[in-house]
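Data first, discussion second: the structure below is written as structure tokens.
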Amino acid sequence: MAYLVKRIEQAHVLWFEPSNQWVQLNDQQWFIFSQFTKKISKEEVIKKYCRRFSLPTDQALFLVDNLFDSIPKLLNPDFELPNFTRNSEDALKHTLPKSKSRIYSFNNKSFKITYDSPFLEQYIHLPLAHLATDTDKIKPLEIEVFSLKNKYALRIGSTNKRCLVAHEPGQIKRLLYIELANYFFDKREDDWMTFIHGSALRKNDQVLVLTSEGGSGKSTMAGLLQLNGFDYFSDDFIPVETKGLKAFPFPAALCIKNDAISILESSGLGFS
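Note that our numbering has the sequence shown beginning at 945, numbered continuously upward.
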């Protein structure tokens, strides 16, 4: 079957390749999933589940039905995964009519991003502005970000260029961050297990990751925790290595909503 599984404390975390989805299962759910992979009938799984966990049939029926319905959708999704190399030939040939370049530095490495519009410059530059530098003593990685036929493109490299094309600016920024994470830490995309959308802080060589829906206050909470002995680690984008499940610090700035700035300032967190 096209999935990977990792036991983490009391949970099983599965990644389904066909749908590119992550699922966390507790022991009871993992039991049902294991029976499903052995092609045991739903009726028999319900009986075995009731005996194993001493639960009534109606409760077992609900849980087994739910998982037996969900698993095939993860293994055979009814949607197409995005292909960011599609239309890359047009992006490779594209000439930027107007552009502005900025040089950045992190982890003793330089990179230059060229923008074809004020919108893309503001959208991508602001979280990276603190990394900006006036010098490129080290030969930088060259990246171009531009719009193309109602899409957004990323062109990487000065020679042997390659391109990625996305429909939304958020997608192109994420693709840019993946390229930068590979560059900063000498990795390939296959070296990463996942890229978490969340906020992360560090304390005593341990990383605390805050995850929830967008706009729910992850970054604000990360700011408040810095006043309680935690150090800022990453915001919005957290690369996690497959080997050892190690999280790496991505250097984008903490993104705070305007209405939360006064809360953090009144708590003692300064902004420059």
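Heads up, the beta-carbon is just placed ideally off N, CA and C, and yes, glycines get one too. Remember, it's a predicted structure, so these values are computed and weren't measured experimentally.
Span separating the alpha-carbon of residue i from that of residue j
| i | j | result |
| --- | --- | --- |
| D1139 | K991 | The question names Asp, but residue 1139 is Phe in the sequence shown. Taking the straight line joining both Cα atoms gives about 39 Å. |
| K1190 | E1088 | 30 Å |
| F975 | V1008 | 10 Å |
| P1113 | S1061 | 12 Å |
| F1090 | Y1096 | 6 Å |
| T1001 | R995 | 10 Å |
| E1185 | I1047 | 27 Å |
| F1192 | I984 | 41 Å |
| H1111 | L1064 | 14 Å |
| T1079 | I952 | 44 Å |
| Y993 | H1069 | 53 Å |
| D1013 | L1168 | 41 Å |
| N1031 | L1108 | 8 Å |
| F1023 | E987 | 30 Å |
| R1187 | P1041 | The amino acid occupying residue 1187 in the given sequence is Lys; Arg does not appear at that position. Their backbone Cα atoms lie some 43 Å apart in a straight line. |
| L999 | Q965 | 29 Å |
Contact under 8 Å by Cβ, residue i with residue j
| i | j | result |
| --- | --- | --- |
| F1028 | L1145 | no |
| S1143 | K1162 | yes |
| Y1176 | L1198 | yes |
| L1075 | P1195 | yes |
| P894 | P962 | It is not possible to answer for residue 894, since the shown part of the chain is limited to 945 through 1216. |
| W959 | L948 | yes |
| M1137 | L1154 | no |
| L1011 | F1050 | no |
| L1019 | V967 | no |
| H1038 | L1098 | no |
| S1102 | E1123 | no |
| K1053 | I1100 | no |
Secondary structure of residue i, DSSP reduced to three states
| i | result |
| --- | --- |
| F1192 | coil |
| T1079 | coil |
| C1107 | strand |
| H1038 | coil |
| K983 | coil |
| D1060 | coil |
| K1147 | strand |
| Q1224 | An answer regarding residue 1224 cannot be provided, because it is not within the stretch 945 to 1216 covered by the chain. |
| R1099 | strand |
| K1093 | coil |
| T1186 | coil |
| K1044 | strand |
| L1171 | helix |
| Q954 | coil |
| L1152 | strand |
| E1088 | strand |
Residue of the options minimising C-alpha distance to residue i
| i | options | result |
| --- | --- | --- |
| V989 | G1158, S998, A1004 | A1004 |
| D1034 | R1106, S998, A946 | R1106 |
| F1128 | W959, F1055, F977, C994 | F1055 |
| D971 | A955, I984, K982 | A955 |
| K1044 | S1032, N1052, L1072, T1058 | T1058 |
| N1148 | N1172, E1157, S1102, P1026 | N1172 |
| Q1150 | Y1067, F1174, K950 | F1174 |
| G1158 | L1169, F1181, L1168, Q1170 | F1181 |
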